[in-house]
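S.K.:
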Amino acid sequence: MRQFKYVEEATMLKWLVPGIAVLFASTAAHADGGMPGGDSPQTCAIPAATVNAVQSTLAQVVQLGNGGLFSPNLMWSAVVDRTGRLCSVIKTGDAWPGSRAIAIAKASTANDFSNDQLALSTVNLYAPTQPGGSLYGLNNSNPFNPFFLPQNLGVGFVPGGIITFGGGVALYSGGQVIGGLGVSGDTSCADHAIAYRMRKLAGLDGIPAGAGLNGTDNIVYLSPGEPPNTGFKHPHCGASDITP
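Residues 46 to 289 (this note's numbering) make up the sequence shown, in order.
(1) If you run the structure through DSSP and keep just helix, strand and coil, what is Q100?
(2) Can the beta-carbon of S166 be found less than 8 Å from the beta-carbon of G213?
(3) How many angstroms separate the CA atom of S233 from the CA atom of N160?
(4) Does any C-beta atom of chain C lie closer than 8 Å to the C-beta of L119?
(5) Should T128 be labelled buried (16 or more other beta-carbon atoms within 10 Å of its own) or exposed?
(6) To which residues of the same chain is V228 closer than 6 Å at the C-beta, ignoring the five residues directly before and after it?
(7) Output the distance between the C-alpha atoms of S218 and L258, rounded to the nearest integer angstrom.
(8) Exposed or buried, A152, counting other C-beta atoms within 10 Å across all chains shown (16 or more means buried)?
(9) So for D126, helix, strand or coil by DSSP?
(10) Is N184 closer than 8 Å to G206 when the C-beta atoms are compared?
(11) Would you say G26 and G251 are within 8 Å of each other, going by their C-beta atoms?
(12) Once you ignore the five residues that flank A73 on each side, which residues in its own chain have a CB closer than 7 Å to its CB?
(13) For F192, count neighbouring Cβ atoms within 10 angstroms of its own Cβ and tell me buried if that reaches 16, exposed if not.
(14) Classify G138: buried if its beta carbon has 16 or more other beta carbons within 10 angstroms, exposed otherwise.
(15) Quick check for students: name the residue ranges of the alpha helix (DSSP H) that lie wholly in the stretch 107-155, counting only runs of 4 or more.
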């Protein structure tokens, strides 16, 4: 009986060990930053100097009085190129860990739904994606790849994601979209103010036209009693809201 048990266990090990080796190999590849399927990180199409010009404004802008819950604001900031590839993600202070993925998704959304004729910030997409709105259901497209939820993964890849409240703006250079900027860490109204101001300071705000305030992609607040799917508007977040 003991001999049979030994043979059975040896046979099980014979089958299990190769599987364990594959598991370890797969884990090692993922820890190295690789993607399932063998993809590897690619270089961002936006020049590094331009990405740095955008990200370097964050520390200044969070001090400017953007409304929201925190002063200075605690933010994640992400930049993607026109293909949706993540170029950079940074943060200030003790920003909410969950806001990292949201910032990336906002950058992706603004880039994905803007073009050389019309800029749509994520703040503009709130109302039309509500029930009865012209873009209802858009939130179910382009899901964020959960592989990139860990905070050390994503740069050089296309995480995707879609967010339809404030905090994401498209980046323009020479009249063309070159990517998107997304920030997260406070109310969506404060997030929008920060992204909008960062883009302006970086000189990448030359949009052709917009669905927001005065033909821009700035925020237009819903008036009291207005249906939430009105135009390209966005609800107020609190008494400290601003229009940047």
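Note that the Cβ used here is the ideal one computed from N, Cα and C, for glycine as well.
M.R.: Here's the rundown:
(1) Helix.
(2) yes
(3) 23 Å
(4) Although the question refers to chain C, the structure presented lacks it and comprises just one protein chain.
(5) exposed
(6) M120, S122, A148, G212, D236, I239, A240
(7) Each residue's alpha carbon lies about 21 Å from the other.
(8) Buried is the call here.
(9) strand
(10) no
(11) For residue 26 there is no data in the structure shown, the boundaries of the chain being 46 and 289.
(12) Because A73 carries a pLDDT of 32, less than 50, the predicted location of this residue cannot be relied on, and the following value inherits that uncertainty. Within the same chain, A73 has no close Cβ partners at all.
(13) exposed
(14) Flag for G138 reads exposed.
(15) none
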